[in-house]
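Presented below is the structure to which this report refers.
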Amino acid sequence: MQRVQLTEDLSFSRIVHGLWRLSDWQYSKEQTLDLIEHCLDQGITTFDHADIYGSYTCEALFGEALALKPELREKMEIVTKTGIKLKSKNRPAHTIKQYDTSKEHIVSSVNQSLKNLQTDYIDVLLIHRPDPFMNPAETAEAFLELKQSGKVRHFGVSNFKQSQFAMLQSYLDFPLVTNQIELSAYQLENVEDGTLDLCQEKRIAPMAWSPLAGGKIFSADDEKAVRLREKLVEIQKDTGANGIDQVLYAWLLAHPASIIPIVGSGKKERIDHAVQALDVHLNREQWFDILQTSMGHEVP
Ligand SMILES: NC(=O)c1ccc[n+]([C@@H]2O[C@H](COP(=O)([O-])OP(=O)(O)OC[C@H]3O[C@@H](n4cnc5c(N)ncnc54)[C@H](OP(=O)(O)O)[C@@H]3O)[C@@H](O)[C@H]2O)c1
4 MQRVQLTEDL SFSRIVHGLW RLSDWQYSKE QTLDLIEHCL DQGITTFDHA DIYGSYTCEA
64 LFGEALALKP ELREKMEIVT KTGIKLKSKN RPAHTIKQYD TSKEHIVSSV NQSLKNLQTD
124 YIDVLLIHRP DPFMNPAETA EAFLELKQSG KVRHFGVSNF KQSQFAMLQS YLDFPLVTNQ
184 IELSAYQLEN VEDGTLDLCQ EKRIAPMAWS PLAGGKIFSA DDEKAVRLRE KLVEIQKDTG
244 ANGIDQVLYA WLLAHPASII PIVGSGKKER IDHAVQALDV HLNREQWFDI LQTSMGHEVP
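Per the working numbering, the sequence shown starts with residue 4, numbered consecutively.
What follows is the structure in structure tokens.
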């Protein structure tokens, strides 16, 4: 498995596994452990979490599985996120949904994530979404405290646009290591609005969430999904890929920005498909053909 070097002392597997949907899969601890080991066997060593996934339950489900084989911890990188407060039966004190990037919230959320994940460090902590009420000096103070205590090794952001990234970065003495953004051939917003350019400018590899458009690409009947699906089938045949999912992954992997797709499936064969997509190579013409089909028109 290829790896992407984020800093001198941190690399991610080129394909990451995402645990957003873990609680939906209804796996036992043993089944979750089996899935984790399967990922590791395929070379997927980086796992993406958030405090809020599964209404605050997914980190703990992963942690319980990891506790069955704690020696696996050092073979993986754990990414988790903070900064969103959900209304949830698991957080009765939250009366409305809101963002919170205060020092108090970040530190307490990381302490809870460490407990849930049954680990004593997080490899990368991301601010989940830009917070319009952010005090960047305070957020930076939280980061520094977490770094100095060894609880978090590195920091990044998610869903940040250029100005939000620059603002937070200007308060930090160390570089943000990634921006996790929605990115797929179906969802081009971050390609079109300069967010992907920002990652290339800063030499940071973006993590791509919902690389298969959250599964919509397989069944949605809106015009864009239908025409894109037809094009993906055509290119699947031309490249010998094993499914349109592989073409979608290959479209991200072909881009010079070292995009890191986050696989959202809990099914081993679909995870394997993502890994095998590393062997599917799109040329420039195929890449543009998919882009233009998604846009619905030729480039100007
Ligand atoms: N930072 C953020 O704001 C943010 C937001 C959303 C997600 N994320 C991260 O990104 C990860 C991936 O996102 P995602 O789950 O939306 O990714 P995705 O891969 O675009 O979508 C996964 C969905 O597609 C379905 N699927 C996969 N292959 C399929 C196939 N061949 N046929 C039919 N359905 C198929 C999966 O169902 P099965 O499970 O049944 O295979 C699952 O429901 C998440 O786990 C999370 O870690 C981050």
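A virtual CB, placed ideally from N, CA and C, is assigned to each residue, including glycine.
Remember, it's a predicted structure, so these values are computed and weren't measured experimentally.
query                                                                                                                                                                                     : result
Leaving out five residues before and five after Lys92 in sequence, what residues of the same chain have Cβ atoms less than 8 Å from its Cβ?                                               : Ser58
Classify Val283: buried if its beta carbon has 16 or more other beta carbons within 10 angstroms, exposed otherwise.                                                                      : buried
Could you check whether the segment 154-170 touches the segment 115-126, counting it as contact only if at least three pairs of C-beta atoms, one from each stretch, sit closer than 8 Å? : yes
Output the distance between the C-alpha atoms of Arg17 and Ala96, rounded to the nearest integer angstrom.                                                                                : 39 Å
Nearest CA to the CA of Leu71: which residue from Leu179, Asp37, Val266 and Asp12?                                                                                                        : Asp37
I'd like to confirm something about Gly86: is its beta-carbon nearer than 7 Å to some heavy atom of ligand 1, or not?                                                                     : no
What are the partner residues of Glu80, as DSSP defines its beta bridges?                                                                                                                 : Thr49
With distances taken from CA atoms, which of Ile81, Asp176, Gln279 and Phe146 is nearest Val110?                                                                                          : Phe146
Give the DSSP-derived three-state secondary structure of Ala260 in the structure shown.                                                                                                   : coil
Closer than 6 Å by C-beta to Asp54: which residues in its own chain qualify, once you throw out the five before and the five after it? Chain order, please.                               : Thr85, Ser112 and Ser116
Tell me whether Val302 is buried or exposed, calling it buried when 16 or more other Cβ atoms sit within 10 Å of its Cβ.                                                                  : exposed
Would you check if the distance between the CB atom of Val278 and the CB atom of Ile47 is smaller than 8 Å?                                                                               : yes
Closer than 7 Å: is that where the CB of Trp290 sits relative to any heavy atom of ligand 1?                                                                                              : no
So is the beta-carbon of Asn286 under 7 Å away from any non-hydrogen atom of ligand 1?                                                                                                    : no
If you measure from the CB of Leu215, is any heavy atom of ligand 1 nearer than 7 Å?                                                                                                      : yes
Please state whether DSSP places Val302 in a helix, a strand or coil.                                                                                                                     : coil
What's the gap between the Cα of Gln183 and the Cα of Ala169?                                                                                                                             : 15 Å
Answer yes or no: do Tyr56 and Trp28 have a C-beta to C-beta separation smaller than 8 Å?                                                                                                 : no
Since Thr35 and Ala68 are thought to touch, with beta carbons under 8 Å apart, how far apart are those beta carbons, to the nearest angstrom?                                             : 4 Å
Pick from Lys88, Tyr30, Pro73 and Glu80: whose alpha carbon is nearest that of Leu64?                                                                                                     : Tyr30
Would you mind sorting Lys100 into buried or exposed? The rule is 16 or more other CB atoms within 10 Å of its CB.                                                                        : exposed
Considering only their Cβ atoms, is the gap separating Leu179 from Ile207 smaller than 8 Å?                                                                                               : yes
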